[in-house]
Ligand SMILES: *Cc1c(COP(=O)(O)O)cnc(C)c1O
């Protein structure tokens, strides 16, 4: 089996894979209701959130479904959204606003750039009608971890609601919902939580849904899901087997010591990769201090195309991930998420070393 170094879907542990084989279940039965409630509680517990103030709303779909549900359900018709862009996923948030006719403006940066807080403050001063700000926590495009503490402080001062795409950070990076003033965050089962693709979710402050307006969509309306899930139901069929796997993955995370333990394990893996590649002359795109522990981007070693590099590594059992857009030809990405052993990562570094040290010119 290949070791997946792409940022989800991830390699599954045996216990998560086996959970997929549990009994067939109707989503209108009490067993489903209990399964759903357990998942909702465990998702809140990861970051010590109270169920009175917060709700985990489960949707069947990929991470983008959760992003779209968050933006369309929480920005009211008379609201105005500011989207911060510094990668593919920030730009996706803008596309969502655009498609749904939500009034929005963007603070654009080149991919990988640090968010320019001075420009942000100026923009907010000039647009005092902005009610919501949407931003990506970990920009998987480059591995940059955006500083939510600073953004949160700026938003709280101005009473702006902070909507976060935490799809590739939830479960492995710090998320201080209360002190950073987060209103909602979108995430998925199959990234840092180590579940199966098919279920995504939004963690949302309950009072932010209270003044929810007429829904903009039928399928992605958070308030509808939340009301029914609070009563043990679901408006639509959920991905039952994926729920089984997610419940198991959450149990596994809890037993392993929660998000902090996962963070420190990923951190060990990513240091091993950065140090190992650096010793061979392979440079990271961003410094470690600006990067997540979940994914790092590296410049391709001189003389190799991405395809050649990818195919050689795949032949040795490792799936790396290409850069997007203009970065497609210059970088590759390595993610630490999933059931990956330290020894798998050590061998990855050894395989790269062996590969790039072959002299093709002779
Ligand atoms: C993976 C990812 C998504 C969602 O992608 P899907 O393919 O819809 O699961 C959204 N935002 C970020 C930051 C991601 O890494």
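Numbering (the working numbering), first residue to last: 4 to 365.
Ideal placement from N, C-alpha and C gives every residue a C-beta, glycine not left out.
Being a predicted model, the structure only gives us computed values, none of them experimental.
When DSSP states are grouped into helix, strand and coil, residue 99 belongs to the helix group.
In the three-state reduction of the DSSP assignment, residue 84 falls in the strand class, which pools E and B. Between residue 183 and residue 152, the C-beta gap is smaller than 7 Å, which places the two residues in contact. Taken in chain order, the whole alpha helix (DSSP H) runs of length 4 or more contained in the segment 240-298 are 243-259, 261-282. In the DSSP secondary-structure assignment, residue 17 is not bridged to any residue.
Note on geometry: alpha-carbon atoms of residue 130 and residue 257 lie some 43 Å from one another. The residue among 34, 118, 93, 342 with its C-alpha nearest the C-alpha of residue 150 is 118. In this structure, the beta-carbon distance from residue 144 to residue 164 does not fall below 7 Å.
In this model, residue 240 and residue 280 are separated by some 45 Å (Cα to Cα). Separation of the CB atoms of residue 205 and residue 245 is rounded to 16 Å, and the pair is thereby denied contact status at 8 Å. When C-beta atoms of the segment 56-70 are compared with those of the segment 252-268, fewer than three pairs fall below 8 Å, so the two segments do not count as touching.
Around the beta-carbon of residue 89, 16 or more other beta-carbon atoms lie within 10 Å, marking it buried. When secondary structure is reduced to three states using DSSP, residue 158 falls in the helix class. Sequence-distant partners of residue 276 (beyond 5 residues in either direction) whose C-beta falls short of 8 Å from its own C-beta, in its chain, are 299, 337, 339, 348, 351, 352.
Between residue 174 and residue 196, the C-beta spacing is below 7 Å.
Below 8 Å, enough C-beta pairs join the segment 247-254 and the segment 19-36 to call them touching: three or more.
With respect to the 7 Å criterion, residue 82 and residue 141 are not classified as neighbours on the basis of their beta carbons.
Beta-carbon to beta-carbon, residue 203 and residue 211 are separated by about 18 Å, too far to satisfy the 8 Å threshold. Of the other Cβ atoms in all chains shown, fewer than 16 fall within 10 Å of the Cβ of residue 220; this residue is therefore exposed.
Per DSSP, residue 227 is one residue of the alpha helix (DSSP H) stretching across 225-233. Each residue's CA atom was taken as its position, placing residue 54 and residue 287 some 41 Å apart.
If you draw a straight line from the Cα of residue 355 to the Cα of residue 327, it is about 22 Å long. Its chain contains 135, 164, 166, 186, 187, 207, 211, 212, 215, 225 as the residues whose beta carbon lies nearer than 8 Å to that of residue 77, once the 5 sequence neighbours on both sides are disregarded; these appear in chain order.
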